[in-house]
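Asks:
Protein chains in written order, with the numbering used here: chain A, 1 to 249; chain B, 1001 to 1289; chain C, 2001 to 2330.
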């Protein structure tokens, strides 16, 4: 069954059409990349899926349910988690506290977690698991705002993962990173995708990352869909090449 | 009865004009620099008292012209030394700083000019009533409203047609972009602050001629100015203009029907506006909310 | 805040825990013994009682400001409503100290909850402005409705009632030391509740909202609901403190609802250190003592209070506790 279906979604800001009738379906376990030149409407498209913005027209269907009008928090509860292009973490808290908050929110608002020692132990254990998985163990008790950019980004991804999402949305996970950091984050995403069979949609600029990770690629240009297919198909697509080269020239 | 209502509506409009002049200055500073200038009332008082001190030497017209400029210079100095370091920090800090300045202005005024009220005399021909039937229409009241109207019109023209004005408006919408275009944001903020304080000083002189001078007069006008901004919508100068006139007339009318509620009514008006249209009458969604 | 204790660095964590326990013991020791050491420093017991009550108010403001990052500049309204609620109850309804506190706390807290629902979507300076303006509504009501509230003169004609404990009664009206301990117990109870909330998962969502609202929203935290809950809790604490203040003075002052009083609470929180649980109490102690001292020296004391605001903002933006911590670290 299809996990995410975007049907003909558009977003207008006044006269400006940022996203113009884009459709997309994502199957469970798939890793989908969304690429396109600057200003192609990729982030706006993401914001429509995650509920940061409401579409001017069209529908967003998640796991068989129409979520077009749902608030972001409600979409999170249904299993959608996202990261941002500019890393969004809790800078004056430690990495451990960052993850702890995410784990606690994900475990709901039951009084049990407030009062019982067992529940508290479970939360701590889960936080340690997440730290292990991301390689942040050594830096767990430092303030996130003082960590390197790549570690902040890893913290953000693990916070999203703490929500036990069925769909993970990553907005340019390697933006502004050096080669080493880009490599580490790519490996982390790959691990999550393969080991946990997590469904991921990501926006990415770095084509090495895209072709290394993606099962399928969608290309946006000027708010509309230009092409869609496997990495091989996209690499061979003339329209895509012109769009990129045209912009580059 | 008609005369009474007319009297109070006129009164309301005149008071509203005061609110507008004060609130537009506040609004300018709030919009561009994200500073709630609690000391605005303090600057108003300084403007009024400076005019009182200058009048014996320069006469009414000289004082009216010179005092707002001197107030603006004081404002620029304070902006430069105390407020500028706080831009970009949590707005809490500039709010607390200007809050403290307001205390200092009020007590400072009391110390220099005395706690007793002072008269600020206007030229004789203005103090006369223009008509025996509408006794409340003195020349000075008309003059005040005209001054406010001219000043506000001039301000709007400057904001629309001069380069600095256009930059100030653009900065209100998106300061980052304006800064990225190479505009000197510091200078722009200083200029904008100076203009705002100039308006406060002018309000002080005009208010002094009507009501006399008191160290606490600024604090009393501050809250209605806040409400004018909230009712009109944060981020919109037109909104502040309409908001100020609206609450002025509303409290004027209430003074006829239910005198004890004439001050409370502006708060009720604010609550109603916030319930029905949380962003204010002319506010845009997403601005500073 | 909770020191996250796991297998990592247990030694450092234990040391941290020992240090915070020692600090807690020191704070409570100083507070519990105040009636004995204060006279030697030229203080008097009633001054200590005022510090406790205003400190609790500043802590309530900081619950919202320091831990959730929401600036309310009209909190004196809830403080004042608590005071009037308590005073009116004692004057007109029943001569019982505990019940009057309950009445005052409910009046301020419930009004705060209602108003909070109206403004919870506003943010930043806009939120601050709206809270100032609404706070003034209650000031005007207290000022205008003189038949009930005594208007400009304030509410007089009530006194705190002796405490009836069943087996004995405690005179808290004339015995200022007994009254100090009564207020200290109330203060301790409120501080304990506050601390418990802050250490709970809910408390951590408050920090999350303060640190990064967007991230918090996309973790699935219903931001508006949480801010409303924190605002309401903060109003209840504030009204509780206000009720105690009415008992301290046997008097409720309309100026206690004025926005300048809100400013005082905020400056106490900032002066002490708004990222620290005990910062506002320290701030209140410094502020109250300074105000007491300066107003005995000059009629222009307001000028110096204003100067204090300016000095704090320019030189101690992280508060005294933050300042000393930085000194120790460097």
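Quick reminder that beta carbons are idealized off the backbone N, C-alpha and C, glycines included.
Predicted model, so just to flag it, every value in this text is computed and none were measured.
1. On the CB-based measure, 16 or more other CB atoms within 10 Å of its CB, does residue 1057/B come out buried or exposed?
2. Going along the region 2294-2318 of chain C in order, which residues come within less than 9 angstroms of chain B, judged by CB to CB distance?
3. Are three or more beta carbon pairs between the region 1183-1191 of chain B and the region 1045-1061 of chain B nearer than 8 angstroms?
4. Please name the residue in 102/A, 201/A, 188/A whose C-alpha comes closest to that of residue 164/A.
5. Kindly say whether residue 1009/B, judged by its beta-carbon, lies nearer than 8 angstroms to any beta-carbon of chain C.
6. Counting only Cβ-Cβ distances shorter than 9 angstroms, please list the residues of the region 2040-2054 of chain C near chain E, keeping chain order.
7. Does residue 2326/C come within less than 8 angstroms of chain B when only Cβ atoms are used?
8. Roughly how many angstroms separate the alpha carbons of residue 1256/B and residue 1228/B, rounded to a whole number?
9. From residue 194/A to residue 188/A, what does the alpha carbon distance come to, in whole angstroms?
10. If contact means a Cβ-Cβ distance below 8 angstroms, which residues of the region 2263-2281 of chain C contact chain B?
11. Using a C-beta cutoff of 8 angstroms, does residue 2229/C count as contacting chain A?
12. Residue 2180/C to residue 2213/C, Cα distance in whole Å?
13. If you measure between the beta carbons of residue 2050/C and residue 2248/C, is that distance less than 8 angstroms?
14. Taking C-beta to C-beta, are residue 1204/B and residue 1029/B nearer than 8 angstroms?
15. Enumerate in chain order the residues of its own chain whose CB-to-CB distance from residue 2178/C is below 7 angstroms, with the five nearest sequence positions on each side excluded.
16. Skipping 5 residues on each side, what residues in its chain have a beta carbon closer than 7 angstroms to that of residue 152/A?
17. Looking at C-beta atoms only, is the number of pairs between the region 2295-2314 of chain C and the region 2082-2101 of chain C that lie closer than 8 angstroms three or more?
18. Could you tell me the alpha carbon to alpha carbon distance between residue 2070/C and residue 1092/B, rounded to whole angstroms?
19. Check whether the region 1254-1270 of chain B touches the region 2126-2137 of chain C, counting contact only when three or more Cβ pairs, one atom from each stretch, lie closer than 8 angstroms.
20. How close, in whole Å, do the beta carbons of residue 81/A and residue 168/A come, if the pair is a contact with beta carbons under 8 angstroms?
21. Check residue 2253/C in the structure and name its three-state DSSP category.
22. Assign residue 2296/C to one of two classes, buried (16 or more other C-beta atoms within 10 Å of its C-beta) or exposed (fewer than that).
23. Between residue 2140/C and residue 1263/B, is the Cβ-Cβ spacing less than 8 angstroms?
24. Considering only C-alpha positions, which residue in the set 148/A, 74/A, 69/A is nearest to residue 91/A?
25. To the nearest angstrom, report how far apart residue 2220/C and residue 74/A are at their CA atoms.
26. Taking the straight line between their C-alpha atoms, what separation do you get for residue 291/A and residue 2092/C?
27. Can you tell me whether residue 2271/C is buried or exposed, with buried defined as 16 or more other CB within 10 angstroms of its CB?
28. Could you check if residue 1226/B belongs to the surroundings of the ligand GDP, using beta carbon to heavy atom distance under 7 angstroms?
29. Quick one: which chain C residues come within Cβ less than 7 angstroms of residue 91/A?
30. If you run the structure through DSSP and keep just helix, strand and coil, what is residue 217/A?
31. Residues bridged to residue 80/A by DSSP?
32. Could you tell me the boundaries of the beta strand (DSSP E) in which residue 20/A lies?
33. Is residue 2205/C close to chain A? Criterion is C-beta to C-beta, closer than 8 angstroms.
34. Residues of chain A with CB under 7 angstroms from residue 2215/C, in chain order?
35. Can you pull the chain B neighbours of residue 2133/C, defined as C-beta to C-beta under 8 angstroms?
36. Beta-carbon within less than 6 angstroms of residue 2109/C's beta-carbon, same chain only, minus the 5 sequence neighbours each way: which residues are those?
Replies: The answer reads as follows:
1. exposed
2. Flagged, chain order: 2299, 2300, 2301, 2302, 2303, 2304, 2305, 2306, 2307, 2308, 2309, 2310, 2311, 2312, 2313, 2314, 2317.
3. Result no; under three Cβ-Cβ pairs closer than 8 angstroms.
4. 102/A
5. Contact with chain C is absent for residue 1009/B, since none of that chain's Cβ atoms lies less than 8 angstroms from the residue's Cβ.
6. Among the protein chains of the structure shown, namely A, B and C, there is no chain E.
7. no
8. 21 angstroms
9. 10 angstroms
10. 2263, 2266, 2267, 2270
11. no
12. 41 angstroms
13. yes
14. no
15. 2170, 2171, 2172
16. 87, 89, 144
17. no
18. 10 angstroms
19. yes
20. The Cβ separation is near 6 angstroms, so the contact holds.
21. coil
22. exposed
23. Taking 8 angstroms as the Cβ cut-off, residue 2140/C and residue 1263/B qualify as a contacting pair.
24. 148/A
25. 7 angstroms
26. Given that chain A is displayed from residue 1 to residue 249, the structure contains no residue 291/A and the question cannot be resolved.
27. Burial check for residue 2271/C: the Cβ neighbour count within 10 Å reaches 16 or more, so the residue is buried.
28. As far as ligands go, the structure on display features none, and thus does not contain the ligand GDP.
29. 2211
30. strand
31. 167/A
32. 16-26
33. Output row for residue 2205/C: interface = yes.
34. 88, 89, 90
35. 1223, 1226, 1227, 1230, 1267, 1270
36. 2235, 2236, 2239
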